[in-house]
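Asker: Numbered per UniProt numbering, the sequence shown spans residues 1 to 309.
No residue lacks a Cβ here, since even glycine has one placed at the ideal position from N, Cα and C.
Below: one structure in structure tokens.
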Amino acid sequence: MFVDASAPDEDDASDDMSVPPPSDEEATSSGLAELLSGSALVSSTQRELGGDDPPALLPNDPEEIAMAGPVGSNSDDLSMLSDPDAPSLPGPIGSDLDDVLDANTAVENVTGDQSGEITTYTLDDSGDALALPDDRQQGGSDATIRVVDGVASLDTNGTLNVVTGGLGADTIGTGDDAAIVFGNAGDDEIFAGDGSAILYGGDGDDTLVAGSDAHSDYYLHGGTGRDAFVMEFDSETGQPTIEIADFDPRVDTITIEVDPVTAADGPVVLGITPTDDGLSSVIRLNSISIATVTGIVDLDPGVVTVTGV
């Protein structure tokens, strides 16, 4: 469940620390690394998570990920704010090959630091593929995304994966656990799994694919370039909460892939309605909310492509 507010609650303000958004000049800054190596981004949150999400599932066995662990919080609840201009982590020394990396196997082109319930991954600049564990039958871990003054934060009582891409064209899959991904430069492809995820494409012509878990939240920010936003529609399983934060109708695209069973049930009708505040647009199929496009009033239906029908 998304929580959108103009300002943080006084009780929560001390728990959350903002990561400044990635600017072009700070593309190789280590500011985020300094924050992550300390415990600035991790804090205990005493509030309960909202929505009707199922209980949090146990995180993946940390021993399966051969990573060194920095100082961090041992809290069961994590809260992390992110912003599209957050400085990126520098890439580690690695192979020049386009390796496919899995969190449960050897990782030559990615560094990982495990801090309590946070695991960070940094890809090098060769253009890597990182696939985090994803079990479609398990479902996503319990997490909530909040948006305050245009900055997204993620609260979870399970594992939080933070992935920073390099300067190449990366392919990243976030898996079951909550995740925040910074694609950085390059034409990246970022696929959200069942866990709630905040995806930042950064520079380049990026493809951001929302997950399909009905209990999860997905926040998509393409950054500069011609970005493609992709999501699914399945009337049988229910829809997640999806927000597209920086859609530019002049260059960006939105594609909705309809499940074959849903398509066979009858016509699929596209509709656009305003949000309650009248400042954004909601994309609907058969009157079911698919995604909110922030900051775009009266979104042109012509920029939305529906496939599978």
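Mark Leu279 as exposed unless 16 or more other C-beta atoms lie within 10 angstroms of its C-beta, in which case mark it buried.
Answerer: Exposed, because fewer than 16 other Cβ atoms sit within 10 Å of the Cβ of Leu279.
Asker: Need the endpoints of the alpha helix (DSSP H) that Val261 sits in, please.
Answerer: Its alpha helix (DSSP H) spans residues 260-264.
Asker: Please classify Glu117 as buried or exposed, where buried requires at least 16 neighbouring CB atoms within 10 angstroms.
Answerer: By the 10 Å Cβ count, Glu117 comes out buried.
Asker: Extract the residue ranges of the beta strand (DSSP E) inside the stretch 225-299, only unbroken runs of 3 or more that lie entirely within it.
Answerer: Listed in chain order, they are 228-233, 241-244, 253-258, 270-274, 281-285, 288-293.
Asker: Here's a check: name, in chain order, each residue in its chain whose Cβ is nearer than 8 Å to the Cβ of Glu236, leaving out the five neighbours to either side.
Answerer: Asp259, Val261, Thr262.
Asker: Sort Tyr121, Thr159, Ala143 by Cα distance to Ala152 and report the nearest one.
Answerer: Of the listed residues, the one whose Cα sits closest to Ala152 is Ala143.
Asker: How far does the beta strand (DSSP E) with Ala131 in it extend, from its first residue to its last?
Answerer: Run containing Ala131: 129-131, per the beta strand (DSSP E) assignment.
Asker: Would the beta-carbon of Tyr121 fall within 8 Å of that of Val163?
Answerer: Going by C-beta atoms, Tyr121 is nearer than 8 Å to Val163.
Asker: So the beta strand (DSSP E) Val304 belongs to, where does it begin and stop?
Answerer: Per DSSP, Val304 belongs to the beta strand (DSSP E) from 304-307.
Asker: So, are the CB atoms of Ile256 and Val304 less than 8 Å apart?
Answerer: Yes. Within cutoff.
Asker: Between the stretch 192-210 and the stretch 154-171, do at least 3 Cβ pairs fall closer than 8 Å?
Answerer: Enough Cβ pairs lie closer than 8 Å, so yes.
Asker: Report yes if the C-beta distance between Phe247 and Val293 is below 8 Å; otherwise report no.
Answerer: Contact flag set, yes.
Asker: Which word fits Val251, buried or exposed, when buried means at least 16 other C-beta atoms lie within 10 angstroms of its C-beta?
Answerer: With fewer than 16 Cβ atoms within 10 Å of its Cβ, Val251 is classed as exposed.
Asker: Relative to the C-alpha of Tyr219, which candidate in Ile290, Pro267, Asp277 has its C-alpha closest?
Answerer: If we check each option's Cα against that of Tyr219, Ile290 comes out closest.
Asker: Express the C-alpha separation of Ser126 and Val269 in angstroms, rounding to a whole number.
Answerer: Using only the alpha carbons, I get a separation of about 42 Å.
Asker: Exposed or buried, which one is Ala169 when buried takes at least 16 other CB atoms within 10 Å?
Answerer: It is buried - the Cβ of Ala169 has at least 16 other Cβ atoms within 10 Å.
Asker: Inspect the beta-carbon positions of Pro240 and Gly222 and report whether they are closer than 8 Å.
Answerer: Going by C-beta atoms, Pro240 is not nearer than 8 Å to Gly222.
Asker: Within 10 angstroms of the Cβ of Val181, are there 16 or more other Cβ atoms? Answer buried if so, exposed if not.
Answerer: Buried, because 16 or more other Cβ atoms sit within 10 Å of the Cβ of Val181.
Asker: Using a Cβ-Cβ cut-off of 7 Å (strictly less than) and excluding sequence neighbours within five positions of Asp276, which residues of its own chain qualify?
Answerer: Contacts found: none.
Asker: Just reading off the beta strand (DSSP E) that Leu167 is part of, what are its end residues?
Answerer: First-last for Leu167: undefined, no H or E at that position.
Asker: Beta-carbon separation of Gly183 and Asp134 under 8 Å?
Answerer: In this structure, Asp134 does not lie closer than 8 Å to Gly183 by Cβ.
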